[in-house]
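Here is the structure we will look at.
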Ligand SMILES: Cc1ncc(C[n+]2csc(CCOP(=O)(O)OP(=O)(O)O)c2C)c(N)n1
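Protein chains in written order, with the working numbering: chain A, 279 to 834; chain B, 124 to 212.
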């Protein structure tokens, strides 16, 4: 058996059945091994799309995402996607071919030191230059990508190693280690919550990564503590839960940001105090003691001093806290809960927008309502449309909302929708994109057609790089610089050219019919929606300001 | 205020392990003023002594170093708050 065959065999043994990639010289033995391997290889049309697709596959299924590329340009094209998985802690295996081991370091054709280049954005990496190292590298890579705080792992395999015959395999099978929080720590958490007058959960993406959404939602219901979520935490409890105040931070809801500023106990669960969530950190949750649940000890006390830390396995910790505390803790924070819930009602978003033009928040809110009939996954690109999705659509689970959080990478939406559709063949997968972002991986329309994927694209076209325009408007005195996209192509014609149904709308009274047709069509479909170029995302906490200093429409 | 910190690291001598340690220190805002790496008893291991200057809080780097797959043990002359990497409680 060649090294390449062995790689495929071990991947299959670990349950990998789908790989996203793009071939080339230095990875040819692996592509040869794929033939008749039983693994489904999905040919994307750019390596960046392949890695984003693997990421979307992973986020929407909690399985390992795997992508494959050749050396040199194939490998460098993966970097943005690897960084994206790193920032959002997504378990991902990136496999690259490298020039033959005797040519490494000679500036050979398509030789790039991807091991060195990717170092800052991988959880770990391997450069395999001898067949003896291959088995451990593969086993370790899969283990490291999944264990603890997940992340991307790169294996760069010299071409001769892929071709060489493997003999006498000995592997150290890595063992999973699970830390369990001790009883005293759990008791201290219960005590702090019981003593609090205004407790608040701050829920992040780590809850889903730990597959602890059910335990979390049960604990919230049991304690009846109001909850705010990060962008990645959206869905950790259902959006329509009466305890869910919405997303916090720069474009968070007023109810969520007000609650954070007023709480006296902030219970961070799988969240990392990112600047987009906290605003000015010195003024973040100024009156609160902090309890921090995170499996990564390096996140504890990184940005915010904590009173108590819980690094043990999250399901166990949350369930233990539930078991150890009385239902709603004797209602001594009922007044606080009422206050938060009233705020949520009073300060909720309004969708009655005058005029004939299409108001994107209202359209997204309507889309959210009419897609409740079946499992639906929304993937986003980056910009205003991404924030509108977070604000105006409802989600029951984080795996229904795929968004490039930490990296904020335009171009994520369409490839991640492809990955999500492969992982969830019967789900309705919709990419909400902007006219800037869609062009970053537009070539993937070809992938939709090749695999007959019924992925839907809702393109919110403001003929601008809208989020950048908004910042130039607010913080650079309307000195607009390189944000005009009014010479966009005709997006419907672009879709049609790939063989994809499309429709363009521009008036509010066209929305209902267009959305119905869009979601009920069985094939891929692009709905091109022209919206007002001057629309902004509100509320907004200006960078560097406290979350209590949000500005709204009439203030601009 | 700039402070000087001594860090002792036992690491596996695997491909890239030194590079990862130096990269991490640089990226997290630590200026290396002294660096020594010797083979140590640990099979194929390295005993690394680093002195760093920084204006940053030093405790987090302890956890960050500990997180590197190749790093076996970290000791710092800075004791405060190191607990945070050592489990609950
Ligand atoms: C790859 C990449 N390049 C640049 C940016 C900076 N950026 C953030 S939002 C944005 C505008 C996005 O425009 P569009 O996709 O049309 O979305 P809109 O904001 O108009 O909804 C830009 C350029 C980014 N996030 N990612």
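Glycine residues also receive a C-beta, built at the ideal position from the N, C-alpha and C atoms.
Note that the coordinates shown come from a computational prediction; the quantities given were computed from them, not determined experimentally.
Ligand 2 heavy atom lying under 6 Å from the CB of residue i
i	result
residue 807(A)	With respect to small molecules bound, the structure shown includes ligand 1 and not ligand 2.
Per-residue contacts from residue i into chain B (C-beta, under 8 Å)
i	result
residue 470(A)	Those do not exist, as residue 470(A) stays about 14 Å from chain B at its closest Cβ, beyond 8 Å.
C-beta contact flag for residue i and residue j at 7 Å
i	j	result
residue 298(A)	residue 345(A)	yes
residue 326(A)	residue 354(A)	no
residue 763(A)	residue 748(A)	no
residue 350(A)	residue 305(A)	no
residue 504(A)	residue 423(A)	no
residue 586(A)	residue 599(A)	no
residue 642(A)	residue 671(A)	yes
residue 648(A)	residue 809(A)	no
residue 627(A)	residue 517(A)	no
residue 440(A)	residue 308(A)	yes
residue 782(A)	residue 806(A)	yes
residue 178(B)	residue 125(B)	yes
residue 436(A)	residue 407(A)	yes
residue 362(A)	residue 682(A)	yes
residue 428(A)	residue 400(A)	no
residue 712(A)	residue 663(A)	yes
residue 371(A)	residue 342(A)	yes
Inter-residue Cα distance where the pair is residue i and residue j
i	j	result
residue 722(A)	residue 601(A)	48 Å
residue 588(A)	residue 186(B)	15 Å
residue 455(A)	residue 488(A)	14 Å
residue 745(A)	residue 824(A)	20 Å
residue 415(A)	residue 138(B)	12 Å
residue 630(A)	residue 640(A)	8 Å
residue 476(A)	residue 699(A)	41 Å
residue 204(B)	residue 182(B)	Note that residue 204(B) scores a pLDDT of 42, beneath 50, so its modelled location is shaky; the value from the coordinates is reported in the next line. The alpha-carbon atoms of residue 204(B) and residue 182(B) are separated by roughly 6 Å.
residue 654(A)	residue 736(A)	14 Å
residue 502(A)	residue 473(A)	15 Å
residue 634(A)	residue 771(A)	24 Å
residue 497(A)	residue 618(A)	18 Å
residue 196(B)	residue 133(B)	5 Å
residue 443(A)	residue 156(B)	46 Å
residue 684(A)	residue 445(A)	43 Å
residue 465(A)	residue 543(A)	16 Å
residue 321(A)	residue 311(A)	15 Å
residue 597(A)	residue 494(A)	8 Å
residue 661(A)	residue 760(A)	15 Å
Those residues which DSSP pairs with residue i across a bridge
i	result
residue 610(A)	DSSP output for residue 610(A) lists no bridge partner at all.
residue 280(A)	443(A)
residue 299(A)	321(A) and 346(A)
residue 806(A)	737(A) and 782(A)
residue 160(B)	171(B)
residue 762(A)	742(A)
residue 391(A)	Answer is none; residue 391(A) lacks a bridge partner.
residue 639(A)	DSSP output for residue 639(A) lists no bridge partner at all.
residue 135(B)	168(B)
residue 712(A)	738(A)
Neighbour-count burial assignment, residue i, 16 or more Cβ in a 10 Å radius
i	result
residue 621(A)	buried
residue 785(A)	exposed
residue 461(A)	exposed
residue 834(A)	Only weak support is given to the placement of residue 834(A): the predicted model assigns it a pLDDT of 42, under 50, and the value that follows is read from those uncertain coordinates. Per the 10 Å Cβ criterion, exposed.
residue 447(A)	exposed
residue 451(A)	exposed
residue 813(A)	buried
residue 432(A)	buried
residue 754(A)	exposed
residue 194(B)	buried
residue 144(B)	buried
residue 775(A)	exposed
residue 212(B)	Confidence at residue 212(B) is low in this model, with a pLDDT of 40, below 50, so its placement is unreliable and no value can be given for it.
residue 734(A)	buried
residue 609(A)	exposed
Contact list for residue i against chain B, beta-carbon separation under 7 Å
i	result
residue 580(A)	183
residue 393(A)	139
residue 405(A)	138
Under 7 Å by beta carbon: chain A residues contacting residue i
i	result
residue 192(B)	402 and 422
Proximal chain A residues relative to residue i, where beta-carbon distance stays under 9 Å
i	result
residue 179(B)	Ordered by position in chain A, no residue passes the 9 Å Cβ test against residue 179(B), which lies about 11 Å from the chain.
Residue i: contacting residues in chain B (beta-carbon distance under 9 Å)
i	result
residue 413(A)	Per Cβ cutoff of 9 Å: no residues; residue 413(A) is ~15 Å from chain B at best.
residue 432(A)	Simply none; closest approach about 11 Å.
residue 596(A)	Going along chain B, no residue has its Cβ under 9 Å from residue 596(A), so there is no contact; the nearest lies around 14 Å.
Chain-ordered chain A contacts of residue i [CB-CB under 8 Å]
i	result
residue 142(B)	394 and 397
residue 146(B)	397 and 398
Where residue i meets chain D, residues with beta-carbon distance less than 9 Å
i	result
residue 625(A)	Looking at the structure shown, chain D is missing, and the protein chains on hand are A and B.
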